[in-house]
Amino acid sequence: MSTTAAEMETSESSQAEITPTLRVSSLRAEFRTDSGTAIAVDGMSYDVHAGETLAIVGESGSGKSVTSLAIMGLIPNPPGRVTAGEVWFENHDLLKLSEREMQKIRGNKVSMIFQEPMTSLNPVLSIERQMVEGIIEHLDLSPHAARQHALDMLKRVHIPDPESRLSEFPHQLSGGMLQRIMIAMALSCNPMVLLADEPTTALDVTIQAQILNIMCDLRDEFDTAIVLITHDMGVVAEMADRVIIMYAGRKVEEGTVTNIFQNPQHPYTRGLLGALPKLGFAGPVGSQTLNEIPGIVPALTDLPAGCRFAARCSYATEQCVAQYPPFEEKTTAHWAACWESANLPEGNQE
Amino acid sequence: MTDTNVQATSVVADPEIRPVINGGQRSGRGRTIRFMQAVFGNRGAAIGFILVLTLVLVAIFASWIAPFDSDQMGAGKRLSPPDASHWFGTDEFGRDMFSRVVFGARLTIQVGVIAVSISLTIGMLLGLIGGYAGGWLEKILMRSVDVLFSFTETLIALAAVAVLGPSLTNAMIAVGIAAIPFYARVAYSVTLVERNRPYFEAAVAAGAGHMRLLFRHLLPNIIPPLIVVATLGVSAAVLAAAGLSFLGLGAQPPSPEWGAMLSSGRDYFNRAPWIMLYPGLAIMITVLAFNLLGDGIREALDPRQRNT
Amino acid sequence: MLNYLIRRILSAVVTIFVTTIAVAMLIHLVPGDPVQIMYAQSQGTTPEHLEQVRQSLGLDRPLVEQYVMYMQRVLQGDLGHTIRGEQPVLDLLLLRLPNTLLLTGTALLIAVSIGLTFGFIAAYKRGSWVDTSLMTTAILGVSMPHFWLGLILLFFFAVKLQWLPVAGNNLENLILPAITLGVTNAAIIARLTRSSMIDVFDQDFVRTARAKGLTRAAVLYKHALRAGLVPIVTMIGLQFTYMMGGAIVVENVFGWNGVGRMAIQAIFQRDYPLIQGFILMFALVVVTVSIILDIVYVWLDPRIRYD
Numbered sequence: 000m001s002t003t004a005a006e007m008e009t010s011e012s013s014q015a016e017i018t019p020t021l022r023v024s025s026l027r028a029e030f031r032t033d034s035g036t037a038i039a040v041d042g043m044s045y046d047v048h049a050g051e052t053l054a055i056v057g058e059s060g061s062g063k064s065v066t067s068l069a070i071m072g073l074i075p076n077p078p079g080r081v082t083a084g085e086v087w088f089e090n091h092d093l094l095k096l097s098e099r100e101m102q103k104i105r106g107n108k109v110s111m112i113f114q115e116p117m118t119s120l121n122p123v124l125s126i127e128r129q130m131v132e133g134i135i136e137h138l139d140l141s142p143h144a145a146r147q148h149a150l151d152m153l154k155r156v157h158i159p160d161p162e163s164r165l166s167e168f169p170h171q172l173s174g175g176m177l178q179r180i181m182i183a184m185a186l187s188c189n190p191m192v193l194l195a196d197e198p199t200t201a202l203d204v205t206i207q208a209q210i211l212n213i214m215c216d217l218r219d220e221f222d223t224a225i226v227l228i229t230h231d232m233g234v235v236a237e238m239a240d241r242v243i244i245m246y247a248g249r250k251v252e253e254g255t256v257t258n259i260f261q262n263p264q265h266p267y268t269r270g271l272l273g274a275l276p277k278l279g280f281a282g283p284v285g286s287q288t289l290n291e292i293p294g295i296v297p298a299l300t301d302l303p304a305g306c307r308f309a310a311r312c313s314y315a316t317e318q319c320v321a322q323y324p325p326f327e328e329k330t331t332a333h334w335a336a337c338w339e340s341a342n343l344p345e346g347n348q349e
Numbered sequence: 000m001t002d003t004n005v006q007a008t009s010v011v012a013d014p015e016i017r018p019v020i021n022g023g024q025r026s027g028r029g030r031t032i033r034f035m036q037a038v039f040g041n042r043g044a045a046i047g048f049i050l051v052l053t054l055v056l057v058a059i060f061a062s063w064i065a066p067f068d069s070d071q072m073g074a075g076k077r078l079s080p081p082d083a084s085h086w087f088g089t090d091e092f093g094r095d096m097f098s099r100v101v102f103g104a105r106l107t108i109q110v111g112v113i114a115v116s117i118s119l120t121i122g123m124l125l126g127l128i129g130g131y132a133g134g135w136l137e138k139i140l141m142r143s144v145d146v147l148f149s150f151t152e153t154l155i156a157l158a159a160v161a162v163l164g165p166s167l168t169n170a171m172i173a174v175g176i177a178a179i180p181f182y183a184r185v186a187y188s189v190t191l192v193e194r195n196r197p198y199f200e201a202a203v204a205a206g207a208g209h210m211r212l213l214f215r216h217l218l219p220n221i222i223p224p225l226i227v228v229a230t231l232g233v234s235a236a237v238l239a240a241a242g243l244s245f246l247g248l249g250a251q252p253p254s255p256e257w258g259a260m261l262s263s264g265r266d267y268f269n270r271a272p273w274i275m276l277y278p279g280l281a282i283m284i285t286v287l288a289f290n291l292l293g294d295g296i297r298e299a300l301d302p303r304q305r306n307t
Numbered sequence: 000m001l002n003y004l005i006r007r008i009l010s011a012v013v014t015i016f017v018t019t020i021a022v023a024m025l026i027h028l029v030p031g032d033p034v035q036i037m038y039a040q041s042q043g044t045t046p047e048h049l050e051q052v053r054q055s056l057g058l059d060r061p062l063v064e065q066y067v068m069y070m071q072r073v074l075q076g077d078l079g080h081t082i083r084g085e086q087p088v089l090d091l092l093l094l095r096l097p098n099t100l101l102l103t104g105t106a107l108l109i110a111v112s113i114g115l116t117f118g119f120i121a122a123y124k125r126g127s128w129v130d131t132s133l134m135t136t137a138i139l140g141v142s143m144p145h146f147w148l149g150l151i152l153l154f155f156f157a158v159k160l161q162w163l164p165v166a167g168n169n170l171e172n173l174i175l176p177a178i179t180l181g182v183t184n185a186a187i188i189a190r191l192t193r194s195s196m197i198d199v200f201d202q203d204f205v206r207t208a209r210a211k212g213l214t215r216a217a218v219l220y221k222h223a224l225r226a227g228l229v230p231i232v233t234m235i236g237l238q239f240t241y242m243m244g245g246a247i248v249v250e251n252v253f254g255w256n257g258v259g260r261m262a263i264q265a266i267f268q269r270d271y272p273l274i275q276g277f278i279l280m281f282a283l284v285v286v287t288v289s290i291i292l293d294i295v296y297v298w299l300d301p302r303i304r305y306d
């Protein structure tokens, strides 16, 4: 089944005129658990271009974070392992690089920021040490120049009084401040790709908007490709150019943000949009959860043969239960994996 | 802390995987079964359990298993090395070492059970009262417990023996007293948790009296975790009591207590090393058995693995 | 930070205070007449002599007064005199304490270097055969009685191979007791290091450090080990006290002339002033070590330094 999605992806991107900054194809990642092998990511493919924001949306366990960790070569092994697929970046398959070669790419050309700024910085080291070490590693600057560079980066993410922040420790700063530092750190070597794993989920609503704005500005300034992982459709509306919806390890829908919001082809996407109070591209960034879709994600150790969303879907037919739907182009540059997309009622919500 | 458990822990810690594992809620009985599976699925715990069981059986059937009486002098030639009739050799009085080690198992089980019962009972009461009472009583009680805890069990046991005088019974009591602070601390922390649970608040709201709250509501709930801790406590108690006997402050000759046997055998150990080999091995295996079992139970109960 | 240190020092003072009460009252816990028990082994003591001792120890006064008297003496550095030989307890203790500290310190060095290294390796290689074999060795080490390991080492190295002397108080006599005490505690430190390092390895900030593209060594030592040091140092502090207790036994196996060996003799002889002095000294060492540790924490953990 996963080949279907991959083939579709390949045919789509071969038509693209410019080469993408990062291309993920047919990625598969597995985790050993007590109850068997969990397939966390199953045939994931995407392209992301310079200056573009691609949003990957899904619930916990949909495989969206594991995909990014796989790109970075950071899946904890054991128990996790990438079992298939390729990650193309600057004419190299990152999955085939040695640990030493990956170290030159991580934090330098491909950076990542994480969900929990409060725990993502080392509590016993000063901000300066944590910022400077990556800069020295990759940019080969003297300690003094690296410190200057760190100061510049802190100014770019609008941190007041950056001099004194440098000498402080993580526990002395707020979550929003720490996430800005994380962003400053991730962007300090001017990466081509920024993987942002739920960067605003742990923050207050007011802080969320500021952080997103900072990311947008820096993307435009440095022409960075951003892969934004989130479960919040409000954040997607604010930030993204294109959207991928993931469910239980697979892509279920992909398209431009307009397509996805105005004409969703998968009932799951409609469910996600239904969880938003009000549709609006410039609407307030909320912290909507997806709990309003009844039922739970199937166990990744024991996936059904048919559509993985079928058990929670009000449009499911016998075919949905028996056979996995192909990931196909429903309208121009808009793909979905659903047997029933033609039969969905008008509108964009459940 | 075996390999399999560590992997399970890190999987659970991964937010992407956690909800999947949490799929089904389980019943109380199902939990007990899973707990037993977790204990016996752990190789170390299973070995520990078998060793403990063997030790208990040896202690019970000592007079059937041992070919000689533990005190029978001249059961063989003096200081003769292990052979077919004396598996562990003989000691300086020609006593059969195998029989002595077998009878020694009785004393060891006794020491373990009595010492742990003393520390468990008193420690539990102190911790329970400290955790329930709050205020100045809690402060004084737990502060004193902390002070005693910082002195290590060896020192407290020595002080207790110094007061009571050397004998096996006194050594058991001393070892029991020495571990009280440890159990009191565990009982105290468990009590603090239980106090904040809804059932307890409901009982308070219903106007239950102190005695009822302490012994009908809190006590039954703090016993299970303390029993787990006590399994590990047995190994510490056996080790400490054997140490006291080795120093001459516990069991006195001609008692076949393992530590005492090592103590009297050390004068002969260059001529007859088997005298110090077998009793020491017996102590080590016993301590190892309870350590393995205790580790296994603790891992099975580890909250990070129960996926709550 | 200052608050923290003041709080810790106050708590140390409380510990010493509680200990002095316990030590002063120790003699009253003895079943029967302590003075008679003390002199039971001595020949030719008259009832008058016993009465005189009772008065000199203040045992005929009310408890509170006894405590005040005891404290007055202790604060002046007078821990009383031994029953046998009438020697000043403080002098005897001070003469032997360096030996015990030397033994415990050397053993701690052995235990920390072996335990930290192997615990760290086991955590890093968790789940592998390296981890399994290290941890199997560790649980055997934890279960090994000090005195038995001591006897075995004596048998091999002193009796069979004759590389080292059986007993004595030279530096070469330090080797076996220090190894005995160090190795068993190395096992404990290895187990604890492994579990706290595993906790650290699972922390988000270690992933961040890797995501920055740092080398493996930088991630392991500059980030993981540095952060794991706080719980590990706590543990090593507890180990020192624990090893002081173990030293009592080990000194007796090897005839090492420290306070532990003297304390056991004092218990046999029912020499209560000496026993009391020993316990008080032990408490002081424990408290001193814990204050040193508190200062080390301040240095290690910025969360304490700046709060």
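Chains as they are written, first to last, in numbering that gives the first Met the number 0: chain L, 0 to 349; chain R, 0 to 307; chain E, 0 to 306.
Built from N, CA and C at the ideal position, the CB exists for glycine as well.
Only a predicted model underlies this, so the values are computations on that prediction, with no experimental measurement involved.
Which class does histidine 48 (chain L) belong to by DSSP, given the choice of helix, strand or coil? DSSP, read as helix, strand or coil, puts histidine 48 (chain L) in coil.
Give the residues of chain E in contact with valine 192 (chain L), contact being defined as C-beta atoms less than 8 angstroms apart. What valine 192 (chain L) touches in chain E: nothing, since even the nearest Cβ is about 12 angstroms away.
Can you tell me where the alpha helix (DSSP H) holding aspartate 29 (chain L) begins and where it ends? Going by the sequence as given, residue 29 (chain L) is glutamate instead of aspartate. Segment 21-32 is the beta strand (DSSP E) holding glutamate 29 (chain L); no alpha helix (DSSP H) there.
Please report the straight-line C-alpha distance between leucine 180 (chain E) and methionine 245 (chain L), rounded to a whole angstrom. Taking the straight line from one Cα to the other gives about 58 angstroms.
Check distances from the C-beta atoms of the stretch 251-277 of chain R to those of chain A and list, in chain order, the residues that come in under 7 angstroms. No chain A is part of this structure, whose protein chains are labelled L, R and E.
Run through chain L and tell me which residues come within less than 7 angstroms of histidine 222 (chain E), C-beta to C-beta. Residues of chain L passing the Cβ test: Asn121.
So that I know if they touch, is there some Cβ in chain L lying closer than 8 angstroms to that of phenylalanine 119 (chain E)? By this cut-off, phenylalanine 119 (chain E) is not an interface position.
If I'm right that cysteine 337 (chain L) touches proline 324 (chain L) with Cβ under 8 angstroms, what's the distance once you round it to whole angstroms? By a beta-carbon distance limit of 8 angstroms, cysteine 337 (chain L) contacts proline 324 (chain L). Their separation comes to about 5 angstroms.
Methionine 35 (chain R), buried or exposed, once every other Cβ within 10 Å from all chains shown has been counted against 16: Classification for methionine 35 (chain R): exposed.
For alanine 332 (chain L), does the count of other Cβ atoms within 10 angstroms reach 16, so buried, or fall short, so exposed? Classification of alanine 332 (chain L): exposed, given that the 10 Å Cβ count is below 16.
Minimum C-alpha distance to serine 166 (chain R) - residue among R:Arg184, R:Ser244, R:Ala186, R:Phe268: Distance check between serine 166 (chain R) and each of R:Arg184, R:Ser244, R:Ala186, R:Phe268 places R:Ser244 closest, using alpha-carbon atoms only.
Do glycine 50 (chain L) and aspartate 216 (chain L) count as a contact pair if the criterion is CB distance below 8 angstroms? With contacts defined by Cβ atoms closer than 8 angstroms, aspartate 216 (chain L) and glycine 50 (chain L) do not form a contacting pair.
Taking C-beta pairs closer than 8 angstroms, name the residues in chain E that asparagine 290 (chain R) reaches, listed in chain order. Neighbours of asparagine 290 (chain R) in chain E, taken as residues whose beta carbon is under 8 angstroms from its own, are Ile138, Val141, Ser142 in chain order.
Where does aspartate 270 (chain E) sit, in a helix, a strand or coil, going by DSSP? Aspartate 270 (chain E) falls in the coil class under three-state DSSP.
Taking 8 angstroms as the CB-CB cut-off, is valine 146 (chain R) touching chain E? Judged by the 8 angstroms Cβ criterion, valine 146 (chain R) is in contact with chain E.
Would the beta-carbon of glycine 254 (chain L) fall within 8 angstroms of that of isoleucine 206 (chain L)? For glycine 254 (chain L) and isoleucine 206 (chain L), no; Cβs fall outside 8 angstroms.
Short of 9 angstroms Cβ to Cβ, which residues in the stretch 118-150 of chain L face chain E? Here the close residues are Thr118, Ser119, Leu120, Asn121, Pro122, Val123, Leu124, Ser125, Arg128, Gln129, Glu132, Gly133, Glu136, His137.
Boundaries of the alpha helix (DSSP H) in which alanine 161 (chain R) is found, first to last residue: Membership of alanine 161 (chain R) in the alpha helix (DSSP H) is indicated by the continuous run 151-163.
Residues of the stretch 204-220 of chain E whose Cβ lies closer than 9 angstroms to any Cβ of chain L, in chain order: Under the 9 angstroms Cβ criterion, the stretch 204-220 of chain E contributes Phe204, Val205, Arg206, Thr207, Ala208, Arg209, Ala210, Lys211, Gly212, Leu213, Thr214, Arg215, Ala217.
Below 8 angstroms on C-beta distance, what does leucine 299 (chain E) contact in chain L? Those within 8 angstroms of leucine 299 (chain E) in chain L are Val123.
Say whether chain E places a C-beta atom closer than 8 angstroms to the C-beta of glycine 293 (chain R). Judged by the 8 angstroms Cβ criterion, glycine 293 (chain R) is not in contact with chain E.
Rounded to a whole number of angstroms, what is the C-alpha to C-alpha distance between leucine 56 (chain E) and isoleucine 26 (chain E)? If I take the Cα positions, the gap works out to 10 angstroms.
Would you say isoleucine 147 (chain E) and glycine 279 (chain R) are within 8 angstroms of each other, going by their C-beta atoms? A quick correction: the sequence has tryptophan, not isoleucine, at residue 147 (chain E). Yes. Within cutoff.
Go to phenylalanine 117 (chain E), then tell me how far its alpha helix (DSSP H) extends in each direction, as first and last residue. Counting along the chain, phenylalanine 117 (chain E) sits inside the alpha helix (DSSP H) bounded by residues 88-123.
Suppose the cutoff is 7 angstroms on Cβ atoms and the five residues either side in sequence are ignored; what does the same chain contact list for lysine 124 (chain E) look like? Excluding residues up to 5 positions away in sequence, Asp130 lie with their Cβ nearer than 7 angstroms to the Cβ of lysine 124 (chain E) in the same chain.
Could you please give the first and the last residue of the uninterrupted alpha helix (DSSP H) stretch that includes histidine 333 (chain L)? Note, histidine 333 (chain L): premise wrong, no alpha helix (DSSP H); beta strand (DSSP E) at 333-335.
Using a Cβ-Cβ distance cut-off of 8 angstroms, determine whether methionine 71 (chain L) contacts chain E. Methionine 71 (chain L) counts as touching chain E.
Let me confirm a value: lysine 159 (chain E) is counted as buried when at least 16 other C-beta atoms fall within 10 Å, else exposed. Which label applies? It counts as exposed.
Segment limits, beta strand (DSSP E) that includes lysine 138 (chain R): First-last for lysine 138 (chain R): 134-148, but that is the alpha helix (DSSP H), not the beta strand (DSSP E).
Span of the alpha helix (DSSP H), counted from its first residue to its last, around alanine 250 (chain R): Counting along the chain, alanine 250 (chain R) sits inside no alpha helix (DSSP H), nor does DSSP assign it H or E at all.
Secondary structure at phenylalanine 168 (chain L), three-state DSSP: helix, strand or coil? It is coil, neither helix nor strand.
Given a threshold of 16 other Cβ atoms within 10 Å of its Cβ, counted over all protein chains shown, does proline 293 (chain L) qualify as buried or as exposed? Classification of proline 293 (chain L): exposed, given that the 10 Å Cβ count is below 16.
With respect to the beta strand (DSSP E) encompassing serine 110 (chain L), which residues constitute its N-terminal and C-terminal limits? Here the beta strand (DSSP E) through serine 110 (chain L) covers 109-112.
Three Cβ pairs or more, each shorter than 8 angstroms: is that satisfied between the stretch 75-87 of chain E and the stretch 101-110 of chain E? The stretch 75-87 of chain E vs the stretch 101-110 of chain E: no contact.
Quick check on arginine 206 (chain E): buried or exposed, where buried means 16 or more other Cβ atoms within 10 Å of its Cβ? With 16 or more Cβ atoms within 10 Å of its Cβ, arginine 206 (chain E) is classed as buried.
Tell me the DSSP secondary structure of tryptophan 63 (chain R) in three-state form. Three-state result, tryptophan 63 (chain R): helix.
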